[in-house]
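Here's the structure, in structure tokens; my notes come after.
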Amino acid sequence: MGTMRFRVYDRDRIGDEALGRLFIAGGEDIPWSTRARWDGDLLVVQRQVNDSGYVYIPWSVEGRGTLLLSTGTLMERQKPYVLEVELARGMLHRLRTRLFVWEWLGLRTPDSCRARLQEAIRLFASAATQQDDLAEASRQANAAIAVGVEVSEAIASHYSQQSLLARRAQSLPTTLMGVALGAESPSVAIRRRLLDFCNLVQLPLAWRTIEAREGRRDWKPTDEQLGWCQAAGLKVAAGPLLRMDDRGAPDWMYLWEGDYDNLARQMLDHVRAVVTRYAGRVHLWHVASRLNNGTLLSLNEEQRLNIVAQALHIVRTVDPRTPTVVSFDQPWGEYLAQRDEELAPLHYADALVRADLGVSGFGLEINSGCYPRGSARRPVYDYGRLIDQWSQLGLPLMLLLSAPSRTDDDPLAAPGVRVEPTGDPALVQPGPGSDVQRFIDPQEAWASLVLPLALARTTV
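For the sequence shown, the positions run 81 to 540 when the numbering used here is used.
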């Protein structure tokens, strides 16, 4: 069993539940099964393999709340590492690597950003050269992290702005951006706002809603929503037809748990019924979601893949002209640190591509800032790296993004879901023609960074 040890000066920066979310990942950023514990003043991290790896840990960053930070690649050794120093080292390495990629793609980095990056490097160098003084090394390292996060957000914003300007100048196809509708039609006021900001809506086709009673399908709510979308001229992404988690099936289906043949038959009957009814009336079929980590009715990995493959075949047969996507929850694969799964999210997608099932693209479900069912909040450069990794599959990407607007308990959330601490609201200076300052909450701040970064990529 591989073991790494860390000295930590400020244990308060590691939240109460952080040890259960800490993990080590290999070169592809795929987590290994990991366990962490305190041994006196030392943080001890163990995993089944002895290879070098990156240690990921939720860390409290000044002004930004909790972010999932990574060390550089570390090998086993007897002498403990200083965690704060290694997090600063890893953070700056990833930032500089991402900056190189973006500059290769055409980014013109402002001198002010370069100066702030050099300041972060200077702080890290000071921390790295005085590790015998744990308090001072930690202070300098945390300062380097805070400056690094700040400059990464500035660089990402410049990259997004410059890339979007270039896309507009080239008259590239318009990226579709929209929202997922709930089970009920939105109010008139909300509909008007949607028309101002969206060109796409995701129409829910939840099996548990359509067929709440076995053999009796209620199409009325879906028909009404689709009718409004068509009248408003909005494009429609329909689905997911199958949601592979514990909220994806009607309650009566649990009578069939353990009977794979009947489960598969019922699920595929639902897919066939929906696609037959709405073929030619939607612009995209979202065939399945949470394929990689869903726990629907105790189906294993192979069974989930087989059902989705058959569902794709049905959709392509009934409605061959409409593109199809399959989406993956927690696309970084954080859940692999606590569960024994054979395939990482990217490996699932690669298997579908190699099987030549006619899938047109992949969706990445990033429910940021909540756990254990969501993805940890990360520095913005990690989102760029994720898009690059998935773009290598050669298919378009659909991002399904969400982030909490508040940190208190949400009565609508799934049981046991917690929200990560976020930074303080940011003060935004007035824009042209306005003299009004305003604060933006962490949700808006997160969206203002991640959405433009996604829209800047032609694969999204």
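Each residue gets a CB set at the ideal place from its N, CA and C atoms; glycine is no exception.
- Task: Find the nearest neighbour of F204 within the set H238, E166, Q241 and K159, judged by alpha-carbon distance.
- Result: Minimum Cα distance to F204 is reached at E166.
- Query: Of all the options R457, R117 and R247, which has the alpha carbon lying nearest to the alpha carbon of G186?
  - Reply: Per the C-alpha coordinates, the member of R457, R117 and R247 positioned closest to G186 is R247.
- Is the number of C-beta pairs between the segment 520-536 and the segment 449-468 that are closer than 8 angstroms three or more? A contact between stretches requires three or more CB pairs, one per stretch, nearer than 8 angstroms, and the segment 520-536 meets this requirement with the segment 449-468.
- Item | Euclidean distance between Cα positions of T151 and G170 | For the pair T151 and G170, the Cα-to-Cα distance works out to about 4 angstroms.
- Around the Cβ of A311, are there at least 16 other Cβ atoms within 10 angstroms (buried) or fewer (exposed)? A311 should be labelled exposed.
- Note down the Cα distance separating E421 from G313, rounded to an integer number of angstroms. Straight-line spacing of the CA atoms in E421 and G313 works out to 43 angstroms.
- Message: Assuming contact is defined by CB atoms lying nearer than 8 angstroms, are A424 and L364 in contact in what I supplied?
- Response: Not in contact: A424 and L364 (Cβ atoms no closer than 8 angstroms).
- Message: Using CA atoms only, rank isn't needed, just tell me which of D303, V88 and E230 is closest to E216.
- Response: The shortest Cα separation from E216 among D303, V88 and E230 belongs to V88.
- Cβ separation of Q126 and T83, assumed to be a contact under 8 angstroms, to the nearest whole Å: Contact flag correct, Cβ pair sits at about 5 angstroms.
- How about V460 and A236: are their beta carbons less than 8 angstroms apart? Going by C-beta atoms, V460 is nearer than 8 angstroms to A236.
- Message: So, at 6 angstroms on beta carbons, what are the nonlocal neighbours of P532 in its own chain, with the 5 sequence-adjacent residues on each side left out?
- Response: Answer for P532: S240, listed in chain order.
- Task: Output the distance between the C-alpha atoms of A483 and N447, rounded to the nearest integer angstrom.
- Result: Distance between the alpha carbons of A483 and N447 is about 6 angstroms.
- Task: Pick helix, strand or coil for V141, following the three-state DSSP scheme.
- Result: The answer is strand: DSSP assigns V141 an E or B state.
- Excluding the five sequence neighbours on either side, which residues of its own chain have a C-beta within less than 8 angstroms of the C-beta of S378, listed in chain order? Taken in chain order, the residues that qualify are E337 and G338.
- Which two residues bound the contiguous alpha helix (DSSP H) that contains I110? Counting along the chain, no alpha helix (DSSP H) covers I110, and no H or E run does either.
- Take the Cβ of W139 as the centre, count every other Cβ of all protein chains shown within 10 Å, and call the residue buried at 16 or more, exposed below. Label assigned to W139: buried.
- Message: At the level of alpha carbons, what is the spacing between D191 and V351?
- Response: Rounded to whole angstroms, the gap between the alpha carbons of D191 and V351 is 54 angstroms.
- Query: Beta-carbon separation of V388 and A368 under 8 angstroms?
  - Reply: Contact flag set, yes.
- Message: Measuring straight from C-alpha to C-alpha, what distance separates L321 and S206?
- Response: Taking the straight line joining both Cα atoms gives about 54 angstroms.
- Distance between beta carbons of A168 and I137, contact taken as under 8 angstroms: That belief does not hold up - the Cβ atoms of I137 and A168 are roughly 13 angstroms apart, past 8 angstroms.
- Does the Cβ of W184 have 16 or more other Cβ atoms within 10 Å, making it buried, or fewer, making it exposed? W184 should be labelled exposed.
- Item | Residue interval of the beta strand (DSSP E) (run including M333) | No beta strand (DSSP E) contains M333, which DSSP labels as neither H nor E.
- Item | Best match in F277, D276, L274 and E264 for proximity to T289 [C-alpha to C-alpha] | When only C-alpha atoms are compared, the closest one is E264.
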